[in-house]
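Residue numbers (the working numbering), protein chains in the order written: chain A, 531 to 752; chain B, 531 to 752; chain C, 531 to 752; chain D, 531 to 752.
Where a beta carbon is used, it is the ideal one built from N, C-alpha and C, also for glycine.
Remember, it's a predicted structure, so these values are computed and weren't measured experimentally.
Protein chains: 4
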Amino acid sequence: MSQAEVYAKAGFGAAAPRGKRPAVIVVDFTYGFTDTAYPTAANMTAEIAATRRLTDLARERGFPVIYTTIAYQPWEAETLPWLRKATGMKALMAGTRLVEIDRATGITADDPVIVKHGASAFHGTNLAALLTAAGADTVIVTGATTSGCVRATVVDAVQSGFIVLVPRDCCADRAAAPHEANLYDIAQKYGDVTSADDVANWLGQIGPSDRLRPRNDGEVDQ
Amino acid sequence: MSQAEVYAKAGFGAAAPRGKRPAVIVVDFTYGFTDTAYPTAANMTAEIAATRRLTDLARERGFPVIYTTIAYQPWEAETLPWLRKATGMKALMAGTRLVEIDRATGITADDPVIVKHGASAFHGTNLAALLTAAGADTVIVTGATTSGCVRATVVDAVQSGFIVLVPRDCCADRAAAPHEANLYDIAQKYGDVTSADDVANWLGQIGPSDRLRPRNDGEVDQ
Amino acid sequence: MSQAEVYAKAGFGAAAPRGKRPAVIVVDFTYGFTDTAYPTAANMTAEIAATRRLTDLARERGFPVIYTTIAYQPWEAETLPWLRKATGMKALMAGTRLVEIDRATGITADDPVIVKHGASAFHGTNLAALLTAAGADTVIVTGATTSGCVRATVVDAVQSGFIVLVPRDCCADRAAAPHEANLYDIAQKYGDVTSADDVANWLGQIGPSDRLRPRNDGEVDQ
Amino acid sequence: MSQAEVYAKAGFGAAAPRGKRPAVIVVDFTYGFTDTAYPTAANMTAEIAATRRLTDLARERGFPVIYTTIAYQPWEAETLPWLRKATGMKALMAGTRLVEIDRATGITADDPVIVKHGASAFHGTNLAALLTAAGADTVIVTGATTSGCVRATVVDAVQSGFIVLVPRDCCADRAAAPHEANLYDIAQKYGDVTSADDVANWLGQIGPSDRLRPRNDGEVDQ
Numbered sequence: 531m532s533q534a535e536v537y538a539k540a541g542f543g544a545a546a547p548r549g550k551r552p553a554v555i556v557v558d559f560t561y562g563f564t565d566t567a568y569p570t571a572a573n574m575t576a577e578i579a580a581t582r583r584l585t586d587l588a589r590e591r592g593f594p595v596i597y598t599t600i601a602y603q604p605w606e607a608e609t610l611p612w613l614r615k616a617t618g619m620k621a622l623m624a625g626t627r628l629v630e631i632d633r634a635t636g637i638t639a640d641d642p643v644i645v646k647h648g649a650s651a652f653h654g655t656n657l658a659a660l661l662t663a664a665g666a667d668t669v670i671v672t673g674a675t676t677s678g679c680v681r682a683t684v685v686d687a688v689q690s691g692f693i694v695l696v697p698r699d700c701c702a703d704r705a706a707a708p709h710e711a712n713l714y715d716i717a718q719k720y721g722d723v724t725s726a727d728d729v730a731n732w733l734g735q736i737g738p739s740d741r742l743r744p745r746n747d748g749e750v751d752q
Numbered sequence: 531m532s533q534a535e536v537y538a539k540a541g542f543g544a545a546a547p548r549g550k551r552p553a554v555i556v557v558d559f560t561y562g563f564t565d566t567a568y569p570t571a572a573n574m575t576a577e578i579a580a581t582r583r584l585t586d587l588a589r590e591r592g593f594p595v596i597y598t599t600i601a602y603q604p605w606e607a608e609t610l611p612w613l614r615k616a617t618g619m620k621a622l623m624a625g626t627r628l629v630e631i632d633r634a635t636g637i638t639a640d641d642p643v644i645v646k647h648g649a650s651a652f653h654g655t656n657l658a659a660l661l662t663a664a665g666a667d668t669v670i671v672t673g674a675t676t677s678g679c680v681r682a683t684v685v686d687a688v689q690s691g692f693i694v695l696v697p698r699d700c701c702a703d704r705a706a707a708p709h710e711a712n713l714y715d716i717a718q719k720y721g722d723v724t725s726a727d728d729v730a731n732w733l734g735q736i737g738p739s740d741r742l743r744p745r746n747d748g749e750v751d752q
Numbered sequence: 531m532s533q534a535e536v537y538a539k540a541g542f543g544a545a546a547p548r549g550k551r552p553a554v555i556v557v558d559f560t561y562g563f564t565d566t567a568y569p570t571a572a573n574m575t576a577e578i579a580a581t582r583r584l585t586d587l588a589r590e591r592g593f594p595v596i597y598t599t600i601a602y603q604p605w606e607a608e609t610l611p612w613l614r615k616a617t618g619m620k621a622l623m624a625g626t627r628l629v630e631i632d633r634a635t636g637i638t639a640d641d642p643v644i645v646k647h648g649a650s651a652f653h654g655t656n657l658a659a660l661l662t663a664a665g666a667d668t669v670i671v672t673g674a675t676t677s678g679c680v681r682a683t684v685v686d687a688v689q690s691g692f693i694v695l696v697p698r699d700c701c702a703d704r705a706a707a708p709h710e711a712n713l714y715d716i717a718q719k720y721g722d723v724t725s726a727d728d729v730a731n732w733l734g735q736i737g738p739s740d741r742l743r744p745r746n747d748g749e750v751d752q
Numbered sequence: 531m532s533q534a535e536v537y538a539k540a541g542f543g544a545a546a547p548r549g550k551r552p553a554v555i556v557v558d559f560t561y562g563f564t565d566t567a568y569p570t571a572a573n574m575t576a577e578i579a580a581t582r583r584l585t586d587l588a589r590e591r592g593f594p595v596i597y598t599t600i601a602y603q604p605w606e607a608e609t610l611p612w613l614r615k616a617t618g619m620k621a622l623m624a625g626t627r628l629v630e631i632d633r634a635t636g637i638t639a640d641d642p643v644i645v646k647h648g649a650s651a652f653h654g655t656n657l658a659a660l661l662t663a664a665g666a667d668t669v670i671v672t673g674a675t676t677s678g679c680v681r682a683t684v685v686d687a688v689q690s691g692f693i694v695l696v697p698r699d700c701c702a703d704r705a706a707a708p709h710e711a712n713l714y715d716i717a718q719k720y721g722d723v724t725s726a727d728d729v730a731n732w733l734g735q736i737g738p739s740d741r742l743r744p745r746n747d748g749e750v751d752q
């Protein structure tokens, strides 16, 4: 059997139905990954622009847009075993420019920023709680890198109970082969791999009555 | 049967053996809790001083000292359901004085600070991973408030696989009855409730060969 | 100031708005806690009956009813530090009658049972993911014991992003003082403490269009 | 720059120092994955044999050997979004032969079995707590499939504070390309990819004084 036949027999690759209350997660579009002056970075200009189109639209439609950054404290950087493998990540120290969200993303002052400590935006953070509190049922995962933090975030998102969409042109990586290999795994097992066009179209169709409106002023939902 | 007899029959209240690699967790000794100018605070002068004695000693002996603070971003504060019950906590906004660790604790620039989002220092943070990475087997929980964040941190610590010690004179609260009721629950079910004297004595006895020395420079442990 | 004034000033004790998609969590109504032949148990007949009224109604209205049990494997029982404090819990071995849900609860074959390992129904389980996947926004916590597993479950529920309701007559404990002390803490800080009557009335008012209907057959929600 | 140069510049692919207290995790060597009568399975005979050599040795040296299985309850299978993508996994129902550990692994009655609900052995389980309670500092991850549950378990292990070793001949997959692509990502970013020979040699060198000996009878460590 071909690989495609083996995977089909095993039941992988089905398209997942979408929810009605999406949130956009923008993974690690920080200067440490986007500014090629730094050794851990790559050129992500196109992926940032494609993501910005979705985040601008999501914000306009009332859906949460959440950014992530890796930002270490000194003792943490000395202690975490991940940094013995991904040694370049030790440069991502709190307070440095490397951990700031790239302004080209169009981030606004009201957007939450999750400080993460490993590959996944969920591990060791309160992202799942925030999404649940906001009533989200679907997450759109974008950012960098596809084969690292995006993959790990996607796996945790679906394990945390969310439907996952990954617009491939919104995901950046340092090299093509790992980018494609991980999109393949994601499409087969964890989330629907689609495009910014398709997600933008879908965001435009979800009506105001479907929006989640998290507020701590007495009303939970509309 | 008396309550004491009922609890003894059910097997509660046993003293737990201590480990050899402790870490001290100082919960929420931030100005929002310690400076009585703020409505969420109480006078915690004595408990801060008792805690400082332990943290100074732990640092000297090479054991980690980890502080926590609650610090919210605006969207987070609007979204989390905890803040619909504990409404006073909404004032603990990132960037304000309320979320700074009280200097009276003797915190140093090298001590890590965990930003937490609810009652427990473990929930939605990477504290368990950090303690595991550092090789800790026992946590000494101090701070404020006994009936809120200390209790929640203690329960999560033992659930996360750590032995728990709680020096009662290092734990502060707004009122005596909840303080005592929660120390009772802790002593019966989750950790040994003891004193700063006893913990200081124990920290002094653990020899250098038992110390954990987390380093990302090639060696894991001594 | 009185304790009531101190708590009011600090912003505690507010009633939380309810969601529209509740789930009922029934904590540890297993024979090890409900059959007084066992040393860890107490008479919980009235609390089981009050809970059953809510679970029967919730099931009829299409809302999830989730039971929990503590059930250990031998190596786990030898390893977990919680069992050095709560030594009586070591008897709760997988495969024994002590870990079975009491039939008096009216549990049905379709109801999920979460195997938990500590006090909280969330810690080390996939309960948060299941509730999120089901679209729940509010959890009704019942069961045993108020001062142990119910308290820990309530704290984790609100930290996980859910609104929490606790009907006091559905929560059982071994002794009155810890029961009341913990309901006080819960009411002040984590969830609304109410009655089975009030919850039943509310469940009856939430219309079919508000129900969550989790299904893996192509539709996410109604 | 070549991909190798890009990765080297970014600081990936370093060998991680090993700890002294390992545990072996055997991921999903259950009949649903190992018996080719089932559509989700593949021939894993060689990888099971290579793993058994390590688990036999680890057990003999006093190190924990922990198995995992995916086993669903009906409501869970209907609710989890992962099963909308990995639809074949819905067959892994509790009580069926598919979820039993393959006897060819040499599993013993004393070995713990973790019931997992998604790809990672850590997500929604108490595995991290168990490993921490046992004093483990290093995990050896084996099992199936490399591109799915092994990868997810590796990422969570390092994020949870453990050093990770992956003997490549102990990891099985349905197809060669995803197997290799994921071992590449693991070796670059999360854990050392090595062989059963190398791990066996290392396990043989760690002396009895380094063993962890978790016991709930009064002593924590040797």
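{"query": "Contact set for D667 (chain A): own chain, Cβ-Cβ below 7 Å, skip 5 residues either direction", "result": "G549, K550, R551, F692, I693"}
{"query": "Contact list for V684 (chain C) against chain B, beta-carbon separation under 9 Å", "result": "Simply none; closest approach about 10 Å."}
{"query": "Residues of the region 696-713 of chain C whose Cβ lies closer than 8 Å to any Cβ of chain D, in chain order", "result": "none"}
{"query": "Chain A within 9 Å of L628 (chain B), Cβ atoms only", "result": "no"}
{"query": "Contact with chain B by G691 (chain D), beta-carbon distance below 9 Å", "result": "yes"}
{"query": "Alpha-carbon spacing of I631 (chain B) relative to Y597 (chain B), whole angstroms", "result": "8 Å"}
{"query": "CB contact below 9 Å: G665 (chain C) versus chain A", "result": "yes"}
{"query": "N- and C-terminal bounds of the beta strand (DSSP E) containing V669 (chain D)", "result": "668-674"}
{"query": "Cβ distance (whole Å) where I555 (chain A) is taken to contact I670 (chain A) below 8 Å", "result": "7 Å"}
{"query": "As assigned by DSSP and simplified to three states, the class of T564 (chain A)", "result": "helix"}
{"query": "Heavy atom of the ligand HEM within 8 Å of Y602 (chain A) beta-carbon", "result": "This structure lacks the ligand HEM, and indeed carries no ligand of any kind."}
{"query": "Element boundaries [beta strand (DSSP E), containing T553 (chain D)]", "result": "As written in the sequence, residue 553 (chain D) is Ala, which differs from the Thr given in the question. Segment 552-557, the beta strand (DSSP E) holding A553 (chain D)."}
{"query": "Residues that G721 (chain C) contacts on chain B, provided the C-beta gap is smaller than 8 Å", "result": "K615"}
{"query": "Inter-residue spacing [alpha-carbon to alpha-carbon] between A601 (chain D) and A664 (chain D)", "result": "25 Å"}
{"query": "Beta-carbon proximity of L661 (chain D) to T662 (chain B), cut-off 9 Å", "result": "yes"}
{"query": "Neighbouring residues, chain E, relative to A553 (chain C) (Cβ below 9 Å)", "result": "The structure shown contains no chain E; its protein chains are A, B, C and D."}
{"query": "A571 (chain C) vs F563 (chain C) beta-carbon contact at 9 Å", "result": "yes"}
{"query": "Rounded separation between F542 (chain C) and N573 (chain A) - CA only", "result": "49 Å"}
{"query": "Bridge partner(s) assigned by DSSP for A702 (chain C)", "result": "C:A674"}
{"query": "As assigned by DSSP and simplified to three states, the class of Y602 (chain C)", "result": "strand"}
{"query": "Residues in the region 644-677 of chain B having any Cβ partner in chain D nearer than 9 Å", "result": "N656, A658, A659, L660, L661, T662, A663, A664, G665, A666, D667, T668"}
{"query": "Status (buried if at least 16 other CB within 10 Å, exposed otherwise) for P642 (chain C)", "result": "buried"}
{"query": "Beta-carbon proximity of T635 (chain A) to T599 (chain A), cut-off 9 Å", "result": "no"}
{"query": "Minimum C-alpha distance to Y714 (chain B) - residue among C:Q718, C:H709, C:A717", "result": "C:H709"}
{"query": "Beta-ladder partner(s) of Y597 (chain D), from DSSP", "result": "D:V556, D:V643"}
{"query": "Length of the line joining the Cα atoms of D699 (chain B) and A706 (chain B)", "result": "12 Å"}
{"query": "Proximal residues to A682 (chain D) (C-beta, below 7 Å), its chain only, five neighbours per side dropped", "result": "A649, S650"}
{"query": "Contacts around M623 (chain C), its chain only, beta-carbon distance under 6 Å, and the 5 residues preceding and following it disregarded", "result": "Y602"}
{"query": "Enclosing beta strand (DSSP E) for D722 (chain A) [first to last residue]", "result": "722-724"}
{"query": "One or two residues paired with P569 (chain D) in a DSSP bridge", "result": "Paired residue(s): none; P569 (chain D) is not in a bridge."}
{"query": "C-beta neighbour in chain D for W612 (chain A), strict 9 Å", "result": "yes"}
{"query": "Nearest-angstrom beta carbon gap, K615 (chain D) and V688 (chain A) [assumed within contact, 8 Å]", "result": "7 Å"}
{"query": "Neighbour list for E606 (chain B) in chain A, Cβ cutoff strictly below 7 Å", "result": "P642, L660"}
{"query": "Rounded straight-line distance, which links the Cα of R704 (chain C) to that of V536 (chain B)", "result": "7 Å"}
{"query": "Neighbour list for K539 (chain B) in chain C, Cβ cutoff strictly below 7 Å", "result": "P569"}
{"query": "Buried/exposed call for E590 (chain A), threshold 16 Cβ in 10 Å", "result": "exposed"}
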